[in-house]
Amino acid sequence: MKKFRKVLDGLTTSSPVNPGGSPVCGSAAGTPSTALTPRELEIQETLMSEHFQICKTVRHGFPYQPTALAFDPVQKILAIGTRSGGVRLLGRPGVDCHCQHESGAAVLQLQFLINEGALVTACADDTLHLWNLRQRRPAILHSLKFNRERITFCHLPFQSKWLYVGTERGNTHIVNIESFVLSGYVIMWNKAIELSTKTHPGPVVHLSDSPKDEGKLLIGFESGTIVMWDLRAKRADFRIYYDEAIHSVSWHHEGRQFMCSHSDGSLSMWNLRNTAKPFQVTFPHGKTQRDGRKESCKPILKVEYKTSRNSSDAFVVFSGGLSYDKAGRRPTLTIMHGKAITVLEMDYPIVDFLVLCDTPYLNEVQEPYAVAVLLEKDFVVVDLSQSNFPIFENPYPMDIHESPVTCTAYFADCPPDIIPVLYSIGAKHKKTGYSHKEWPLRGGTWTVGSQTYPEIIITGHADGSIKFWDATAITLQMLYKLKTSKVFEKPKSGDVGRSAELVEEDPYAIQMINWCPQSRIFCVVGISAHVILYRFSKHDANTAITSLEVRLQCEMEDVISPSDTENTPCFSDPSGLSPQPQPPSPRSHTPDSVRDSIPRLKVKDRTIRMPPGYQAELVVQLLWVDGEPPQQITSLDLNSAYGLLALGNCNGLAVVDYLQKTILLCMNTLELYGSADPFQRLTRSPRKNRQSTSDFCMRGLSNFYSDSKKRIRTSYQSLTELSDNQVSLDPERSKSPTSDHVNGHCTSPTSQPCPTGRARVLGGTEGPRLARRGAGRPPFRKAQSAACMEVSLPVSSLTEGYPSRRAMLQQLHGVSMYSHDEHHITTYSWSERESRDNSFSRSRSSSVSSIDRETKEAVTTLQFAESYGCKSDTLPTPCLWVGTSLGLVLIIPMSIPMDEQERQEDPVTVAPTGTVLMLKSSVLRFAFLDCGGALINSPYEVWRDQHVPDVPDRPRKRKLVNFSPSSSQEASGDGHLAVVCSEKQAKVFFMPSQACLFVHNITESSFVLRADVVSVCNSVCLACFCANGHIMTLSLPSLRPLLDVNYLPLTDMRIARTFCFTNGGQALYLCSPTEMQRITYSQEMCDNLQEMLGELFTPIETPEAQNRGFLKGFFGGNTQNFDREELFGEAAAGKASRSLAQHIPGQGGLEGMKAAAGGVVGELARARIALDERGQRLGELEERTALMMSSADTFSKHAHELMLKCKDKKWYQF
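Residue 0 is where the sequence shown starts when you use numbering that gives the first Met the number 0, and the numbers rise one by one after that.
Here it is, written out as C-alpha cells:
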C-alpha cells in the first residue's frame, strides 16, 4: 500500500497543472521554471551573502528566575544573576547589558571588583568566572573549576586581589584574581573549630574581613558557629557557638560589633570584647505570648547593619522574620531606624536585597541612601532618604510580564509623529507617588547612535491588555497601554452558563495584532473568537460600540432521533438565505439547553465614555453553532483605504465593511473555490462522534512560574493541525446564504448585517445529544478556553527536527489527540511519544499525495492588495489574497466605490472568481513587487481625528494613498510580481498571467514558522524562521539563498508564538516568560552595534578614605593594614593541589571573536579576524622594536658616560 501511494505521489507531482492556469513549478530551488514569462524581467538584485550576519543586539525585560545581586558603589552599576546562567548589568537608562555563561549553570553569587571594571561570578557548577566589563560586550577572562568541593560563599575585600571562597565542606580557599589560581593558604574546617567539637559545623555561609583589622577574617558556618580567624597567626581568635542556624552576618563600621540573622526569626548582636553570649537578641516580628514565650517566626534570610552620619540611630534592614500564624501575608522587607519599624510588603518573594551606600570602605560611616530589592518577578529600589520610604520609578522595562505575553508585533521605520503622540496620551495614565530623586543607578555612558529610526514594539497579553513600546535605538520604554476587556460586560457571578464554563481564565487573551501606523487603525484578535477594531483620537468621546455577529460553520451534523438510532442529515432552513439577521436562540441556564447563535462574550450595548487614545469602534464575534463553541480565528487583515476587514478560521472566511458596519462575505473555504477546487474531496460515512478541530490548538494561558513544571501560555492559532473531518457537501449548501444565485457575487446590504447560517433540528432530550457526541465526550468541551496546559519538556527531544506541525505539537506538548477514524479517544502521553510518533506525522504536501486527504482546510493568511483577479485583467483592482492550510491561494477581486459619499452608501461587491495557485503545505505570507523589484506597499488612509469639530470651510475628507503596481511603471499593463511563502516553499508569480517565475523549496525535514518580506540595505528579501531553529533569507525575486544559520532551537512554543521579523534586518522573540530578545541579521547593523551599545565602565577616581583623626584613631584603634601577598603568595603559602581546581583560560579578546564567527559570512569574518591578529602582532613587534631601540640608546649613553669617566684615569686609579 505504501508503494502504491508513492507511485500516486510520483504521478501527481511529475506533471502538476494549476487549475488556475499556471503550472505548479517543480524546478530546483531558486531557479526559473520552464514556464514562459510574459516578458523578460531585468531586475538587478543588490543583496549578497555579505550583507547578512546573525547577531544578538539587546535583551529587554526582567531577568527570568533571578538568584543573586551585586552593586559597585563607585561605578554605580548593578548586576543580577539568574538560574539559567545569565547576568544582567544595569546602569543609567540605555546602559543595559546581558551576558550568558555557556554552561547555563545557575549564578550563586556576584562580586564586583569595585571601580576596576570586572565582575566575579560563582556558578552552581562550582566554577568561578572573571568577566571583563571594560568592553561593550563583556567577556570571560578566566575561569576556575573546583573539582572536589562545592562553592557556597565568596567574599572579595575592597582593593584586594585575593578572593575568599567558602565551600560546602566548611573549608575556605583563597584565589588570586589576577592569575585566577588557588593559593596554598587554606583554612580547614577542623582547624577553625575546637578539637573537642564532635560535629561538623556545616557549609560556610558567610565570609568577611574585620573593618578594624583586615588580617582578621570572620567565618560563619550554617550550624551557628562563628569563628574569627587570624590570617597572620593562622589560628582562631575566638569561636562562637549559637543554638540557631545562621543566615547572614553584617558588621558595624567601627568593627567592634556585628549582627547575625537566624532561622528562628531573631537578630543577635555580638560584641568582640565578650563573645560568650550576645549582648542583645531581638525578635522584630515575634510577640510575647501569655506563657511568656515568643511566638515562632520565619527565618530572617538576610540582614544589613548600616550607620548614618546625620543620625545616631543605625539602619537595620532585613527580609523575612514574620510570624507563622499570619498565613497569607505577602513577603516583607523591614526597615528599622531607631525605634521606628517600617514593614514594606512586596508583591513577590524576595530573592536578595542590597543597601546602597556611597562609600566603598567598610570602616567608614556608610550613609545609606537606597535599598535595591530583587524579587522573583520584579525589581524595586526604595528611597531611604525620606521617612515614608517611597520607591524610585524604574526606567527599565521590568513589567513586560505583568500579564503573560501571548503575541508580539515589531514595526521599524514608523511615522516620526506616532511615538510622541502615544507617549503624550500614555503619560496621563502613569502611576504617581514615586520618589522625586534621580534614579540611583547612574553608571555607564550611552548615546543615541547615528543610524536611528522610529521603532515600535506591540505586545499582546493574556489579560487582554495591549502595550505599545518605544524601541528606538535598542532601548525600550512603554508608551501606551490599552485594555481590550473594557469593551465587554463583566460576567456576573451567577451567569456561568455562557462564558465562565468554557473560558475559566483569560477570556480576553490576545492572539493576533494588526496595526496600520499611517492610518492609526488598530485591530486585535482575541481568544474568544472576537475581533476589535480601534481608531485613534486625541479627544475623548461618548460613543456606542457596534457589534457584528458572524456565523461560520461548514460541517454537516448528524442528528439522532429520540425514537430510533437512524442518522438523519440536517437540512438548511430557507430562512437562512435571508439577509435579515437571525434572532439568537433563547438562552437557558438549564443543563438541557444547547447554545446556538450566541457569542462567547457580551459587548457593552450602551454609550460609554472613551478617553483619548485608541477608542473601540467595532467588535466582530463568531457565534456558537449547534452547541459548539466558535473556532478560533487563524488569520486577519485590514486595509484602511478600502475600509475592509477580513478574518478566517478553520471553517471559512468573512469579510467585513467596517465603514458601513456590514458583513460582505461569509463563506466556508470550499464554497470559495466553486468549480475550481483542485482536490477531489472524498466524503465519508456519517459518524456519531464529532470532534472540534480546535482540540489540536495550543491555547493554554496559565501561570508560567510553576516550580515543578514549565507551563506555557499559547494562543498561536496558525500553529494548529487540522483534523481529518470530511464534509459531505450538498449542491445547495455550496452557495453562500448571502450570494446572488445568478452570478454568485456577494454584495453588502447597507441596511442590515448579513449573517449566514442554517437552522438546526434540535433534539428533545439530553440523551440523543450525548449519543451524537460519542462515547466519552463531555457535554461541553473546553478546548476553546484558555485553560492551563502543563508541559514538561524533555531535553533530549528539543533539538530534533519536526516533520510536521502535528508532530511538533505531540513532542512539545503531549496534547490529547483525538482520532476521528475511530469511535474512541486516544490520548498519547510522553511515555508513548517515540512509539506513536508516526501516527501523527503525515505529508503536508499540497499535491494529492494520499487517499486519506483532509478536506477541512483553514484560512491561514489574508492580504488586501491592488492586484489582478483574473488573467484577462488589464488594470489592477482591489483584491483579497487568501491562503489556506492545504497550500492553496485564492484571489478574490472586489469592487469598491471611489467617491467618498458613494463609499458610505453604495455596497461593496465581492466576487470570488475561482482563481487558484498552489504551493506545498500551509500558506504563511504574501507580498507584492513591481517589475523593478521594489516592494509595493498596501494602500492606506491618512489618519484624521474623527472627534475634532468640523470646520465649515474645510470639510474633513478621507485622504487615500495608493501604491498601485502601475504607478511606478510607464505602461499601465506591465503587471507585478506576487511572492507567496508557505511552510515548505516559496514561489514568485507574475500577475496577471499567474505564471510561476521562481520556486524554492525552503525545507524538507522541518517547516517554516514565520516568514516576512522585509527591506534590508535599500532592497527587499524574504526572511524565514523554521521550526528546527534555522533563520534563512532569500533574495527577491530570484529566491537565491543568502543566509542559512542554525541559530535558535525551538525549545518551547513561546518562541514560535512571538518570533517576528521587521525592516532594517531586525527581529525579536520572547526568550523567557519575562524577557524579550532582539536580534539582527544585517551585517551593517552588526558592524554598527558597538556604537549603539552603552559603555559599562567609565574612568572614575576611587574616593579617598576619610581621615579618622588622632584622638579617634588613638582611642578607637587604627585600621591595621597587612600585605596579603606576603601571606597568600606562592613564596609563603606554596602551590595548591592541582586536583583541587582547574584553571580555564577565557575567550575575552580575539578568541571570542573566533568562536562567534560563523554562518555564510564566516570566511569573511575569519579573514577580518586574521587581519586584526596580524595588525596586533605587527603592533606588538613595533613596540618590541621601539623597546629594543630605547634599550640600545640607554646602553650607548651609559657606555659613553663610562668612557668619559675613565678617559683621563691612569691605570693605577682603577
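Cβ atoms here follow ideal geometry from the backbone N, Cα and C, with glycine treated the same way.
Range covered by the alpha helix (DSSP H) that runs through residue i
i       : result
Thr1057 : Met1052 to Thr1057
Pro877  : No alpha helix (DSSP H) holds Pro877; the beta strand (DSSP E) holding it covers Thr876 to Thr883.
Asp1086 : Gln1082 to Met1091
Gly425  : Ile417 to Ala426
Phe1127 : Arg1123 to Phe1127
Glu548  : No alpha helix (DSSP H) holds Glu548; the beta strand (DSSP E) holding it covers Thr545 to Val549.
Strand pairing of residue i, partner residues [DSSP]
i       : result
Tyr408  : The sequence as given places Ala at residue 408; Tyr does not occur at that position. According to DSSP, which records beta bridges pairwise, Ala408 is partnered with Ile457.
Ala339  : His336
His261  : Ile245
Val350  : Bridge partners of Val350: none, in fact.
Tyr304  : Val315
Gln1065 : Thr1061 and Thr1079
Phe220  : Val203
Ser1071 : Glu1074
Ser894  : Thr908
Asn273  : Asn270
Leu861  : Val881
Contact set for residue i: own chain, Cβ-Cβ below 8 Å, skip 5 residues either direction
i       : result
Glu1094 : Val94, Arg135, Gly443, Thr444 and Trp445
Between the CA atoms of residue j and residue i - distance to the nearest angstrom
i       : j       : result
Glu1129 : Gln1146 : 26 Å
Thr407  : Pro877  : 28 Å
Val1012 : Val1019 : 7 Å
Met666  : Leu1008 : 27 Å
Lys276  : Leu230  : 24 Å
Thr661  : Ile526  : 23 Å
Glu856  : Cys649  : 6 Å
Lys376  : Thr458  : 18 Å
Val1233 : Ser884  : No answer is possible for residue 1233: it lies beyond the span of the chain, which begins at 0 and ends at 1213.
Tyr184  : Ile1054 : 49 Å
Thr755  : Leu652  : The pLDDT assigned to Thr755 is 39, lower than 50, so where the model puts this residue is not dependable, and the model offers no usable value.
Ile1143 : His141  : 6 Å
Gly425  : Ile465  : 12 Å
Ala1066 : Tyr409  : 8 Å
Leu143  : Met1052 : 36 Å
Ser845  : Asn638  : Annotation note: pLDDT 35 at Ser845 (below 50); position unreliable, coordinate value reported separately. Straight-line Cα distance between these residues: approximately 29 Å.
Thr542  : Leu617  : 11 Å
Neighbourhood of residue i by C-beta, 6 Å cutoff - its chain only, sequence neighbours within 5 removed
i       : result
Ala1102 : Checking the displayed sequence, the identity of residue 1102 turns out to be Pro instead of Ala. Excluding positions up to five away in sequence, the list is empty.
Asp412  : Tyr452 and Asn1062
Element boundaries [beta strand (DSSP E), containing residue i]
i      : result
Lys983 : Per DSSP, Lys983 belongs to no beta strand (DSSP E) and is neither H nor E.
Ala191 : Segment Trp188 to Ala191 is the alpha helix (DSSP H) holding Ala191; no beta strand (DSSP E) there.
Thr56  : Phe51 to Gly60
Arg234 : Arg234 to Tyr240
Tyr672 : Segment Thr668 to Tyr672 is the alpha helix (DSSP H) holding Tyr672; no beta strand (DSSP E) there.
Arg87  : Gly85 to Leu89
Cutoff 7 Å; reference residue i; Cβ partners in own chain excluding five residues on either side
i       : result
Glu294  : Gly285, Lys286, Gln288, Ser322 and Asp324
Asp154  : The question names Asp, but residue 154 in the sequence shown is His. Within the same chain, His154 has close Cβ partners Tyr163, Leu206 and Ser207.
Phe1194 : none
Ile53   : Ile1030, Val1044, Tyr1046, Ile1078, Tyr1080 and Gly1158
Arg1123 : Ser159 and Trp161
Ile1001 : Lys983, Gln984, Ala985, Val1007, Cys1023 and Met1031
Pair within 8 Å by beta-carbon distance, residue i and residue j
i       : j      : result
Leu475  : Phe467 : no
His100  : Cys122 : yes
Leu918  : Gln984 : yes
Leu1035 : Val998 : no
Ser981  : Ser920 : yes
Gln510  : Thr606 : no
Lys603  : Phe487 : yes
Thr151  : Pro202 : yes
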